[in-house]
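The numbers in the sequence shown follow the numbering used here, run straight up by one, and end at 666.
Note that CB positions come from ideal geometry on N, CA and C, so glycine has one too.
Because the structure is a prediction, the values reported are computed rather than measured.
Written below as structure tokens is the structure these notes are about.
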Amino acid sequence: QVQLVESGGGLVQAGGSLRLSCAASRSIFSINAMGWYRQAPGKQRELVALITSRGTTTYANSVKGRFTISRDNAKNTVYLQMSSLEPEDTAVYYCYADLSTGYWGQGTQVTVSS
Numbered sequence: 553q554v555q556l557v558e559s560g561g562g563l564v565q566a567g568g569s570l571r572l573s574c575a576a577s578r579s580i581f582s583i584n585a586m587g588w589y590r591q592a593p594g595k596q597r598e599l600v601a602l603i604t605s606r607g608t609t610t611y612a613n614s615v616k617g618r619f620t621i622s623r624d625n626a627k628n629t630v631y632l633q634m635s636s637l638e639p640e641d642t643a644v645y646y647c648y649a650d651l652s653t654g655y656w657g658q659g660t661q662v663t664v665s666s
């Protein structure tokens, strides 16, 4: 099992940047994959970015070139660096960990104003 706590959300103007952090309650070294999903009002939760234990990354087409996912195994933390933010990026962002069973954080709100 693992508990995930997100931080770093907030209100930012279009074109700005934010960095989200996801702190895990245990070592993430051997976790298959960790990532970020988001859910906007009235929409389904969608994958934003994923990083495997080997460091392989996957991004949604809508964020490629603007967002970067990384992991710091020593700090048991996964990050999402978001740049060139757009109003369409407004959503609750959830951290996810794949330990065969999926675990979710409680989410952090990101609001991008135009």
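Inset, instruction - Tell me where the beta strand (DSSP E) around Leu570 begins and ends. - result: Start at 1 with the first residue of the sequence shown, and residue 570 comes out as number 18. Looking at the DSSP string, the run of the beta strand (DSSP E) that includes Leu570 is Leu570 to Ala576.
Legend entry - Same chain, Cβ closer than 6 Å to Arg618, neighbours up to 5 away in sequence not counted: If you number the sequence shown from 1, residue 618 lands on position 66. Closer than 6 Å at the Cβ level, and outside the excluded window around Arg618, lie Ser635 and Ser636.
Inset, instruction - Use the C-beta contact count for Trp656: other C-beta atoms within 10 angstroms, 16 or more gives buried, fewer gives exposed. - result: The count along the sequence shown starts at 1 and reaches residue 656 at position 104. Result: exposed.
Inset, instruction - Whole angstroms is fine: what's the gap from Gly567's alpha carbon to Ser622's? - result: Position 15 of the sequence shown, counted from the start, is the residue given in the question as residue 567. Position 70 of the sequence shown, counted from the start, is the residue given in the question as residue 622. Cα-Cα distance, rounded: 21 Å.
Inset, instruction - State buried or exposed for Ala649, treating a residue as buried only when at least 16 other CB atoms are found within 10 Å of its CB. - result: Walking along the sequence shown from the start, residue 649 turns up at place 97. Result: buried.
Inset, instruction - Answer yes or no: does any C-beta atom of chain C fall closer than 8 Å to that of Glu638? - result: In the structure shown, chain C does not exist; there is a single protein chain.
Legend entry - Under 8 Å between C-beta atoms of Gly594 and Gln661: Within the sequence shown, residue 594 is the residue found at index 42, counting from 1. Within the sequence shown, residue 661 is the residue found at index 109, counting from 1. Not a contact, by the Cβ cut-off of 8 Å.
Inset, instruction - Go ahead and label Ala626 buried or exposed: buried means 16 or more other beta carbons lie within 10 angstroms of its beta carbon, across all protein chains shown. - result: Stepping through the sequence shown from its first residue, residue 626 is reached at position 74. By the 10 Å Cβ count, Ala626 comes out exposed.
Inset, instruction - Note down the Cα distance separating Tyr631 from Val564, rounded to an integer number of angstroms. - result: Working through the sequence shown from its first residue, we reach residue 631 at position 79. Working through the sequence shown from its first residue, we reach residue 564 at position 12. Rounded to whole angstroms, Tyr631 to Val564 spans 18 Å at the Cα level.
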